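Below is one structure; the comments refer to it alone.
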Amino acid sequence: MTDVTLKINGETRSAAVPPETTLLKMLRESFSLTGAKLGCDVGDCGACTVIVDGLPVNSCLMLAGQADGREVLTIEGLATPDHLHPIQKTFEDCASLQCGFCGPGVIMSSKALLDANPNPSVAEIRDALAGNLCRCTGYTKMIEAVQQAAQVMRSAKSKRAA
Amino acid sequence: MKKRGRGIACMWYPIGFTVAANPSAAVVKVNEDGTATVLTGTVETGQGSLTVLGQIAAEELGIATDDVHVVSADTDTTPMDTGAIASRTTYVTGNAIRLAAEKAKEILFQVAAPMLGVKPEQLEARDRKIQVKNYPQRCIGIGEVANQAQFVMGQPALGSASFNPPTVALDPATGQGKPFATYVYATQIAEVDVDDETGEVEVLKIVASHDCGTAINPMLVEGQIEGGISMGVGFALQEEMLFDNKGKQLNPNLTNYIMPTSLDMPEIEVDIVKNYDPTGPFGAKGVGEPTAVPTAAAIMNAIYNATGARVYSLPATPERVLAAIKVARSKQLPKPKKAAKSKRIAAH
Amino acid sequence: MTKKAKPARTAKAKSAGIGQPVEMSGTLRLPAVVKQVPFPIEALSPKVRQQTPAVGQRATRPDGRLHGLGQTKYIDDMAFPGMLYCKIKRAGIASALIKKIDTREAEAMPGVMAVITGKDIPVNSFGPSIKDQPVLADDRVFHAGDGVAAVAAVTEQIALEALDKIKVEYEPLTPIFDPVEAMKDSAPKVHPPVSNIYATKLIKKGDVEKGFRESYKIFEATYSTQMVEHVPLEPHCSIASWDANGRLTIHSTLGRITLGRTDMARTLQLPLSRVRMVATIVGGNFGGKNEITQEPALAVLSKKTGRPVKGTFTRTEEFIATTTRHPIIMNYKTGVSKDGRILARKVRLVLDGGAYCSWSETTLGKACILSPGPYNIENVHSEAFVVYTNKTMTGAMRGFGAPQVCFAYESQMDEIACELGIDPLEIRLRNAFHEGSSSPTGQVLHSVVVKDSLLQAAERYGWKEAR
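Protein sequences appear in the order of chains A, B and C. Just so we're aligned: 250 in our numbering is position 81 of the first sequence, and the numbers increase by one with no gaps anywhere. Just so we're aligned: 282 in our numbering is position 280 of the second sequence, and the numbers increase by one with no gaps anywhere. Just so we're aligned: 332 in our numbering is position 60 of the third sequence, and the numbers increase by one with no gaps anywhere.
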């Protein structure tokens, strides 16, 4: 067994898992964080996307042991007790998710994008979501929602600054 | 050199099964506060049926979408349904739910009639009220009526109903008959750039004009159309399951089976054609499958318009498009106008 | 989980970039870090959801919120105490007789709780119309993705390893892959003694030959399409469990639970009242989740072991062991008048049905009926055949043959327009159905707006300006 200690959604946790366990499997099975999905298990579909140390990662491609000592943010860590994250809110308002299976991964990729680039162009959004496959939506309403979320987050930031 | 072209394609598509019975049943329970619960055996598979079916029940009961909760997908608790297939949910399940809600509403009317001093048939349900037709000021809140029905009259307001689209069997010798209750229609126009040196096709834009009868929820209709187009783009240009000569698949994974990503999607303009089908719930038909139907045809016609090359075998991979361009050139045709004499291109 | 505490690390929890792990303190072994979000966090878009009338509102989806929070429970997100994991051994050979299946070595593996073959399924056949598909192939393999044995083990990993220990002896047969070849009498039969052509459809209206004689020009072409997979992002997944009353519950990613329950009762020989099927929210269907696949095997494994059994398809199984879109070879012969009116259309469709019927009869019917296009044509002859081959089965997929025939009829429409020098929009308007048109099956159509859709799309695009 491999001992893994990491910060998940702001809180430090640890687990002992077989060495071949992926980060995805550990999140889902050891920590009951089933938001990240297994869609292909080989890094093609992006349904398992989480943010590790600020970068979007296919958690099916990362071993749990590699996450030792890192900070992992999953879809479950986005909303506060009072509010949805702006990306979750705009995805809801635009009906950007249909079956929703790709949703947690798409939202985490969007979060990583907006953290790094608060005012992305449509081309940059398309680029950031290119690793997240969706079969239902044609991505159109997702791109709209990311644009809207970017705006909401920028104006919230400028309000805080003022 | 990149060449731009545009192509148009229209289509028709039926709602429900071909002749075969495909009923849906539904139960609508009006709670004693005037909100409602719908039981349906269909399954939410992403299309938004829970929302749309809730809107249909709400409309019939004169309440808001948020007042309705839809329970689905459990054979122990929900009535039979032929399921999420054949673009039938809004039309068939929707009709069943509307009829079930109507029955529940009739109970509310019977209870409200003496309260308002009129006959039940003089009543209507609107804006969360039971009111006298043409005299909306003579009204009672639907919650009060539902409470009266359940706790005073001992007659809880619930209804159940089923619906099966009416069809006529096809004559086996001629295929003549009425296989479907209704159809939807649509047109898509594609604009593409074709690189005539590599055969690569980029879909720039698709204008999609779709009929779904009444759009119960236009936002979800748009979502269906956009999603259908993405599937159509994949069918047109990218996706193909390949087999070796022993019948084993060569690309059974998402690494080598190429489907559209966010980078492959064109700009989409959605246009919902105004229509009302009197046989559907509040005029609605359906929209799920047809959205994926005309896309590939429109793209192929745009490639033709751009280059004079006709692709006879999907998907139009760069290799196939290039081969078709060579065929078109070998005929030394200056314009696509004369490229019409068609022979199937050996594109494999 | 072990109780051994990790040695405390120096408290330095500032995050660093990937590749520079940070030191952390506090090593509580707590199972979950799901933030309990109090409900409701915010009202669900009251602007649209609280309005009357409800129809026509751009109402947001209550399930959409759960999707965005990662709280939707798909079947693969569920687990029951003591649950086992099922994996299925795939044949990997397209056509063969099964001489022997030896499961002893697999059964002896630690952690393997049960291994079954097709012989363990009470009624080992299913299908929405023709019941030609085994749950697990028992005496014959019909395509390379056929399952031949199923394992239930305490972990997925052990179940996978056990598959390698199952020894299957095959006697290879000559496979057939080309549907046109498969139609010949001399071709090997996929399901002997049944003909490879397992369903046909014919639509006849007017007199096509007369129509061709009266035509100004005749156009002929052959179009063909490929096999396509649905690719729902959520792979097929089910969990079978029994209670002590002999009642079976199947949690499944199925879009049609009513039919699913019927199939379960039939294959397992149970009264319908003893079967419960629950589908929660399905992570994408598109026609690919309209019938059972592994579920009877899961139920038998669960009964044998007395524990819930979950089976989740790998992405590869999604391709090789579930239904796909029919490839169709489409011959179109169309006679037109000088002004571009279609006088006669003759269509011949050959659908590659793959190894099993599945929803082929529906696809065949819809493809045949829709094949002339949304046009007023007095003389129509459309015939369609669906043929067995030793390939992955084809079934229901978004459009049931319509995207294929639309590609053909609309391609030919443009070829006709070009040849006659008529604008592609104009030629469609000249032929399109109108209210009260008679369809190829003689149905009087209502609520017809194909011309409106043509004109609206053209206007939106700027078709006339862009000429």
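Don't be surprised by glycine CBs; every beta carbon is placed ideally from N, CA and C. All figures in this text were calculated on a predicted structure; none of them were measured in a lab.
Contact check, residue i vs residue j, beta carbons under 8 Å
| i | j | result |
| --- | --- | --- |
| A308(B) | K31(B) | no |
| I218(B) | F165(B) | no |
| P451(C) | G249(B) | no |
| D210(A) | R362(C) | no |
| P220(B) | I274(B) | yes |
| G36(B) | G156(B) | no |
| L222(B) | A314(A) | no |
| C12(B) | S524(C) | no |
| E193(B) | A304(B) | yes |
| T218(A) | S278(A) | yes |
| A127(B) | K105(B) | no |
| P527(C) | G64(B) | Position check: residue 527(C) holds Gly in this sequence, whereas Pro was assumed. Taking 8 Å as the Cβ cut-off, G527(C) and G64(B) do not qualify as a contacting pair. |
| T174(A) | G223(A) | no |
| G364(C) | A416(C) | yes |
| K207(B) | P268(B) | yes |
| A738(C) | R8(B) | yes |
| K648(C) | N703(C) | At residue 648(C) the sequence reads Asn, which differs from the Lys that was named. For N648(C) and N703(C), yes; Cβs fall inside 8 Å. |
| G555(C) | P504(C) | yes |
| A59(B) | A38(B) | yes |
| N662(C) | A627(C) | yes |
Given residue i as reference, the closest of the options once Cα atoms are compared
| i | options | result |
| --- | --- | --- |
| A378(C) | A386(C), K372(C), K371(C) | A386(C) |
| A185(A) | D262(A), M195(A), G179(A), I177(A) | M195(A) |
| W669(C) | G625(C), L621(C), P712(C) | The question names Trp, but residue 669(C) in the sequence shown is Met. Among G625(C), L621(C), P712(C), the Cα nearest to that of M669(C) is on G625(C). |
| V295(B) | D348(C), I601(C), N396(C), Y681(C) | Y681(C) |
| G215(A) | P287(A), G269(A), L283(A) | G269(A) |
| I490(C) | L356(C), S709(C), L692(C) | L692(C) |
| S152(A) | G204(A), D251(A), T306(A) | Coverage of chain A is limited to positions 170 through 331, which leaves residue 152(A) absent and any answer about it impossible. |
| S632(C) | Q343(C), L505(C), Q322(C), D404(C) | D404(C) |
| S162(B) | A148(B), P81(B), V154(B) | P81(B) |
| V29(B) | S264(B), T189(B), V70(B), G64(B) | V70(B) |
| L701(C) | F182(B), T189(B), Q112(B) | T189(B) |
| V659(C) | A471(C), T596(C), F484(C) | A471(C) |
| E34(B) | I231(B), A151(B), G215(B), A330(B) | A151(B) |
| P168(B) | N24(B), M3(B), A325(B), T319(B) | N24(B) |
| S683(C) | K605(C), E655(C), K736(C) | K605(C) |
| T184(B) | A330(B), Q124(B), A298(B), Y278(B) | Y278(B) |
| Y346(C) | V94(B), L55(B), G48(B) | G48(B) |
Q. In chain order, which continuous runs of the beta strand (DSSP E) of length 3 or greater are located wholly inside the stretch 479-526 of chain C?
A. Entirely contained in the stretch 479-526 of chain C, the beta strand (DSSP E) runs reaching 3 residues are, in chain order, 489-496, 509-514, 520-524.
Q) Using Cβ-Cβ distances below 8 Å, what residues of the stretch 262-278 of chain B are close to chain A? A) Listed by position, the residues of the stretch 262-278 of chain B near chain A (Cβ gap below 8 Å) are P262, T263, S264, L265, M267, I270.
Q: Inspect the CB distances between the stretch 447-461 of chain C and the stretch 564-577 of chain C and report whether three or more fall short of 8 Å.
A: The stretch 447-461 of chain C, when compared against the stretch 564-577 of chain C, does not touch it at the 8 Å Cβ threshold.
Q.
Does the contact criterion of 3 or more C-beta pairs under 8 Å hold for the stretch 641-657 of chain C versus the stretch 670-684 of chain C?
A. Under the Cβ criterion (8 Å, minimum of three pairs), the stretch 641-657 of chain C counts as touching the stretch 670-684 of chain C.
Q: For the stretch 606-690 of chain C, list the alpha helix (DSSP H) runs that are entirely contained and at least 4 residues long, ordered along the chain.
A: Along the stretch 606-690 of chain C, the alpha helix (DSSP H) occurs as fully enclosed runs of 4 or more residues at 632-642, listed in sequence order.
(Q) Whether or not the stretch 281-299 of chain B and the stretch 314-321 of chain A are in contact is what I'm after, with contact meaning three or more pairs of Cβ atoms, one per stretch, closer than 8 Å; do they touch? (A) No: the two stretches stay apart, fewer than three of their Cβ pairs being nearer than 8 Å.
Q. Touching or not, the stretch 42-52 of chain B and the stretch 107-117 of chain B, by the rule of three or more beta carbon pairs under 8 Å?
A. Verdict: no, contact absent.
Q) Along the stretch 435-462 of chain C, what residues have a CB closer than 7 Å to any CB found in chain B? A) Within the stretch 435-462 of chain C, the qualifying residues are P447, F449.
Q) For the stretch 258-277 of chain A, which residues have a CB atom closer than 7 Å to at least one CB atom of chain C, in sequence order? A) From the stretch 258-277 of chain A, only F260, E261, D262, A264, L266, C268, G269, F270, C271, G272, P273, I276 have a Cβ closer than 7 Å to chain C.
Q.
If the cut-off is 8 Å on Cβ atoms, which residues from the stretch 129-162 of chain B count as contacting chain C, listed in chain order?
A. Listed in sequence order: D129, R130.
Q: May I ask you to list, following chain order, the residues of the stretch 496-518 of chain C that have a beta carbon less than 8 Å from some beta carbon of chain A?
A: Those residues of the stretch 496-518 of chain C that come within reach of chain A (Cβ to Cβ, closer than 8 Å) are H502, V503, P504, L505, E506, P507.
Q) When the Cβ atoms of the stretch 605-618 of chain C are set against those of the stretch 479-494 of chain C, are three or more pairs found closer than 8 Å? A) Judged by pairs of C-beta atoms under 8 Å, the stretch 605-618 of chain C touches the stretch 479-494 of chain C, as three or more such pairs exist.
Q: Scan the stretch 520-594 of chain C and note each continuous alpha helix (DSSP H) run of 4 residues or more that stays entirely inside, going in chain order.
A: Those alpha helix (DSSP H) runs which fall completely within the stretch 520-594 of chain C and span 4+ residues are 529-540, 567-577, 587-592.
Q) Counting pairs of Cβ atoms below 8 Å between the stretch 248-263 of chain B and the stretch 591-610 of chain C, do you hit three or more? A) The way I'd put it, the stretch 248-263 of chain B does touch the stretch 591-610 of chain C; three or more beta-carbon pairs between them come closer than 8 Å.
Q: Decide if the stretch 319-335 of chain C is in contact with the stretch 244-251 of chain A; the criterion is three or more beta carbon pairs, one per stretch, under 8 Å apart.
A: Per the Cβ contact rule, the stretch 319-335 of chain C is not in contact with the stretch 244-251 of chain A (fewer than 3 Cβ pairs under 8 Å).
Q) Which parts of the stretch 242-321 of chain B are runs of the alpha helix (DSSP H), unbroken and 4 residues or longer, counting only runs that do not cross its ends? A) Listed in chain order, they are 297-309.
Q) At which residue ranges does the stretch 160-241 of chain B contain complete beta strand (DSSP E) runs of 3 or more residues, listed in the order of the chain? A) List check, beta strand (DSSP E) in window: 160-165, 185-197, 203-213.
Q. According to a CB-to-CB cut-off of less than 7 Å, which residues of the stretch 200-232 of chain B neighbour chain A?
A. Hits within the stretch, in order: M221, L222, G225, E228, G229, I231, S232.
Q | Members of the stretch 200-221 of chain A near chain B, C-beta cut-off 9 Å | A | Considering only beta carbons, the part of the stretch 200-221 of chain A lying closer than 9 Å to chain B consists of G208, C209, V211, G212, D213, C214, in chain order.
Q.
Would the stretch 556-571 of chain C count as touching the stretch 506-519 of chain C if we require 3 or more Cβ pairs under 8 Å?
A. Counting C-beta pairs with one atom in each stretch, the stretch 556-571 of chain C and the stretch 506-519 of chain C have three or more that are closer than 8 Å, which means they touch.
**Q.** Within 8 Å of chain C by C-beta, residues of the stretch 296-308 of chain A in sequence order
**A.** Correct list: L302, C303, R304, C305.
Q) When you check each C-beta in the stretch 243-256 of chain A against every C-beta of chain C, which residues fall closer than 9 Å? A) If the cut-off is 9 Å between Cβ atoms, the stretch 243-256 of chain A has T243, I244, E245, G246, L247, A248, T249, P250, D251, H252, L253, H254, I256 near chain C.
**Q.** Residues in the stretch 239-265 of chain B having any Cβ partner in chain A nearer than 8 Å
**A.** Flagged, chain order: N255, L256, T257, M261, P262, T263, S264, L265.
Q.
Please identify, using Cβ separations under 9 Å, the residues of the stretch 9-35 of chain B that lie next to chain C, in order along the chain.
A. Of all residues in the stretch 9-35 of chain B, those with a C-beta nearer than 9 Å to a C-beta of chain C are G9, I10, A11, C12, M13, W14, Y15, P16, F19, T20, V21, A22, reading in chain order.
Q) Along the stretch 553-572 of chain C, what residues have a CB closer than 9 Å to any CB found in chain A? A) The residues in question are I553, V554, G555, G556, N557, F558.
Q | Length at least 4, wholly inside the stretch 369-450 of chain C: the alpha helix (DSSP H) runs in chain order | A | Taken in chain order, the unbroken stretches of alpha helix (DSSP H) that lie wholly in the stretch 369-450 of chain C and span 4 residues or more are 376-379, 428-437.
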